[in-house]
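Trainee: Here it is: the structure, laid out below.
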Amino acid sequence: MRKLPLSLTINGETHELLAEPHHPLLEVLRTQLGLIGTKENCLEGECGVCTVLLDGMAVNSCLLLAAQCQGRRIVTIEGLGGPETLHPLQETFVEHGAVQCGYCIPGMILAAKAYLDQNPEPTEGEIREALSGNLCRCTGYQKILDAVLAAAGVLAPMR
Amino acid sequence: MSFEYHEPPSVSEAVALAARFGSEARFLAGGTDLIVQINRGKLAPRHVVSLHRVPGLDTIAVDGHVTLGALVTHRALERSPHFQGRYRGLVEGAQVVGGHQVRNVGTVGGNIVNASPAADVVPVLLALDAAVTCLGPEGERTLPLEEFLVGPGQTQRRPEELLTTVRFPLLGPNSATAFLKAGRRKAMEISVVCVAARMTLDAGLERCREARIALGAVAPTTLRARAAEHVLEGEVPRAELLRRAGALAARACQPISDVRASSQFRRLLVETLVPRVLARCLERIREEGR
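Laid out in structure tokens, this is it:
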């Protein structure tokens, strides 16, 4: 099949590229654009490690064709903050020791970001529910929850 | 395994593509089932027709009826102000489908066409007497959702037809819906059994005027438990009668045994969940009446 010319807006930057029609966004991010912060695992929407933001919503980039993303805003973990400019969620994850092996963390942080943008003052139960599409094999859920709650405390007054 | 990708800008062009390619084409909505099946090699369509540029399919309209466009997402159902009261069962069904990432993109139309016997929104739609409308090259046809569902993964949709809308009548006063699901864990779980109910009481809030009970994951398709509905209608829905409806519903289903649960356990779940989901409808009606 012929490749598709795509124009994708990722972390505020526009990329012109050629992609296979069946390639999910995840594949294009990791192999064509070198944005390897977005992780690959189950490829069936169960684990959430490939979570990115699409027009501000959390989505699984393994189930989204790159071709469907034209004209939409994509944010990956690289777009949230760098080593010198951590996002408050990244800061609280560090402070609370919420990162063990780290593989699930980009997805956790982006799912949390999408949720806090809609509900700046969530309860603990609401955060658990919001992160139910993200698995952590280290089972570090409690500290992840603590970090998201702390980030909500930092972010809410800034809104 | 690759395919040709199409992005028609209108419903008529989407249908024209489907008519041209027939069973070699698949419509792509949220992709949470289709892309998984393509990745697993279960499906290998030569043409994928994405619907995301087709306008108007993602609207929820409430006039004489409730009409859901096929591309209404689970998230949109959960959040719709229309469904927080009498239609609450719809919200309850939508909010147990996958995690936020899946519900943000997964659609009602996809949930129906995928025809999983364990679909969570479908039993609620059956309890609401929903009908689906398909558009093909020869025009539109509307049929009851119950008839539309044929078996696991099978519907009456022809390859060249697009399911465009799902529609159900407005609920009058003294009505409520509810949905309950049993899974092995609380989140991200395929239903072991799910049940939906709708109940309408008479003006005095005493007798049941109309009842609907729909069961998921206990038969090749989502199923109405008619005998259980009939035993309720015209009667005072006391706890004892709700239990009888549960027993009749358990008799009506034909569950399989699989990795999630045995057939016997599924029947027990139906027997337990049906009285509970009916009781929840009654509570809701009485709360609204207060």
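If you read the sequences in order, they're chains A and H.
Converting from the first sequence to the numbering used here requires adding 336 to each position, the first position being numbered 1.
Converting from the second sequence to the numbering used here requires adding 456 to each position, the first position being numbered 1.
We put the CB at the ideal spot given by N, CA and C, even for glycine.
If you follow the beta strand (DSSP E) that H/P625 is part of, which residue opens it and which one closes it?
Mentor: Element bounds for H/P625: L618 to P625.
Trainee: Short of 7 Å in beta carbon distance, which residues of its chain neighbour A/A492, apart from the five on each side in sequence? Order them along the chain.
Mentor: These residues qualify, in order along the chain: P456 and E457.
Trainee: At a CB-CB cut-off below 8 Å, which residues of chain H make contact with A/A403?
Mentor: Going along chain H in sequence order, the residues near A/A403 (Cβ under 8 Å) are Y461, E463 and S506.
Trainee: From the beta carbon of H/I568, is the nearest beta carbon of chain A less than 7 Å away?
Mentor: Not closer than 7 Å to any Cβ of chain A, the Cβ of H/I568 fails to qualify, so no.
Trainee: Give me, in chain order, the residues of the same chain whose beta-carbon lies closer than 6 Å to that of H/F741; leave out the 5 immediate sequence neighbours on both sides.
Mentor: Checking the displayed sequence, the identity of residue 741 of chain H turns out to be Ile instead of Phe. Excluding sequence neighbours, H/I741 sits near N630, A632 and L657.
Trainee: From the DSSP output, which residues share a beta bridge with A/T475?
Mentor: The partner list for A/T475 (beta bridge, DSSP) is empty, contrary to what the question assumes.
Trainee: Against chain A, which members of the region 663-690 of chain H pass a CB distance test of less than 8 Å?
Mentor: Hits within the stretch: zero.
Trainee: Considering only residues of the same chain and omitting the five flanking positions on each side of H/A634, which have a CB-CB separation below 6 Å?
Mentor: Result list for H/A634: G545, A653, V733, R736 and C737, in chain order.
Trainee: Between the alpha carbons of H/E691 and H/R542, how many angstroms are there, rounded?
Mentor: Approximately 21 Å between the Cα atoms of the pair.
Trainee: Can you list, in chain order, the stretches of the alpha helix (DSSP H) that have 4 or more residues and sit fully within the region 404-485 of chain A?
Mentor: 424-431, 441-454 and 460-466, all fully within the region 404-485 of chain A.
Trainee: Closest to A/E356 by C-alpha separation, out of A/Q368, A/A434 and A/T350, would be which residue?
Mentor: If we check each option's Cα against that of A/E356, A/Q368 comes out closest.
Trainee: When the cut-off is 7 Å and only beta carbons count, does A/N455 lie next to chain H?
Mentor: Chain H, which has no Cβ nearer than 7 Å to the Cβ of A/N455, makes this no.
Trainee: Whole angstroms is fine: what's the gap from H/L698's alpha carbon to H/H538's?
Mentor: So the alpha carbons of these two residues sit roughly 28 Å apart.
Trainee: Find out if the Cβ-Cβ distance for the pair H/Q610, H/A571 is shorter than 7 Å.
Mentor: Yes, the Cβ-Cβ distance between H/Q610 and H/A571 is below 7 Å.
Trainee: List the DSSP bridge partners of A/S343.
Mentor: The partner list for A/S343 (beta bridge, DSSP) reads A/E352.
Trainee: At what residue ranges does the region 364-402 of chain A contain a whole run of the beta strand (DSSP E), taking only runs of 3 or more?
Mentor: Taking only runs of at least 3 residues, the beta strand (DSSP E) segments lying wholly in the region 364-402 of chain A are 387-390 and 393-396.
Trainee: Would you mind stating whether H/H508 and H/F459 have Cβ atoms separated by less than 7 Å?
Mentor: No, they are not a contact pair.
Trainee: Closest to A/K375 by C-alpha separation, out of A/T345, A/I413, A/I463 and A/E352, would be which residue?
Mentor: With distances taken between Cα atoms, A/K375 lies closest to A/I413.
Trainee: Using the C-alpha atoms, what's the distance from H/G555 back to A/D391?
Mentor: Taking the straight line from one Cα to the other gives about 18 Å.
Trainee: Contact defined as beta carbons within less than 8 Å: I believe A/L485 pairs with A/I463. What is the distance between those atoms, to the nearest angstrom?
Mentor: Going by Cβ atoms, the distance from A/L485 to A/I463 rounds to 6 Å, so yes, they are a contact pair.
Trainee: What are the residues in the region 541-560 of chain H lying within 7 Å of chain A by C-beta distance?
Mentor: Within the region 541-560 of chain H, the residues whose Cβ lies closer than 7 Å to some Cβ of chain A are G554, G555, H556, Q557, V558 and N560, listed in chain order.
Trainee: Whose C-alpha, out of A/P442, A/T345, A/L452 and A/C437, is nearest the C-alpha of A/M494?
Mentor: Nearest of A/P442, A/T345, A/L452 and A/C437 to A/M494, Cα basis: A/L452.
Trainee: Which value, in whole angstroms, describes the spacing of the CA atoms of H/A705 and H/G565?
Mentor: Those two C-alpha atoms are separated by around 27 Å.
Trainee: Can you pull the DSSP bridge partners for H/K637?
Mentor: The partner list for H/K637 (beta bridge, DSSP) reads H/C650.
Trainee: With a threshold of 8 Å, are at least 3 pairs of Cβ atoms found where one atom belongs to the region 510-521 of chain H and the other to the region 621-629 of chain H?
Mentor: Contact between the region 510-521 of chain H and the region 621-629 of chain H is present, because at least three Cβ pairs lie under 8 Å.
Trainee: Use the C-beta contact count for A/V385: other C-beta atoms within 10 angstroms, 16 or more gives buried, fewer gives exposed.
Mentor: Result: buried.
Trainee: Please state if the CB of H/A586 and the CB of H/L601 are separated by a distance shorter than 7 Å.
Mentor: Closer than 7 Å, so yes.
Trainee: Take A/Y477 and list the residues in its own chain whose beta-carbon comes closer than 7 Å to its own, dropping the five residues that flank it on each side.
Mentor: Within the same chain, A/Y477 has no close Cβ partners at all.
Trainee: What is the rounded straight-line gap between the Cα of A/Q454 and the Cα of A/E465?
Mentor: Rounded to the nearest angstrom, the two C-alpha atoms are 14 Å apart.
Trainee: From what residue to what residue does the beta strand (DSSP E) around H/T488 run?
Mentor: Looking at the DSSP string, H/T488 is not in any beta strand (DSSP E), and its letter there is neither H nor E.
Trainee: Using C-beta distances below 8 Å, list every residue in its chain close to A/T475, excluding the 5 sequence neighbours before and after it, in chain order.
Mentor: Nothing meets the Cβ criterion.
Trainee: For a contact meaning CB atoms closer than 8 Å, what does H/G487 contact in chain A?
Mentor: Correct list: L399, L400, L401 and Q404.
Trainee: Under 9 Å between beta-carbons, which chain H residues line up against A/A447? List them in chain order, please.
Mentor: Per Cβ cutoff of 9 Å: G555, H556 and Q557.
Trainee: For the region 620-642 of chain H, enumerate the residues whose C-beta is nearer than 9 Å to any C-beta of chain A, in chain order.
Mentor: Listed in sequence order: K642.
Trainee: Are the C-beta atoms of H/V522 and some chain A residue less than 7 Å apart?
Mentor: No, its Cβ sits nowhere closer than 7 Å to a Cβ of chain A.
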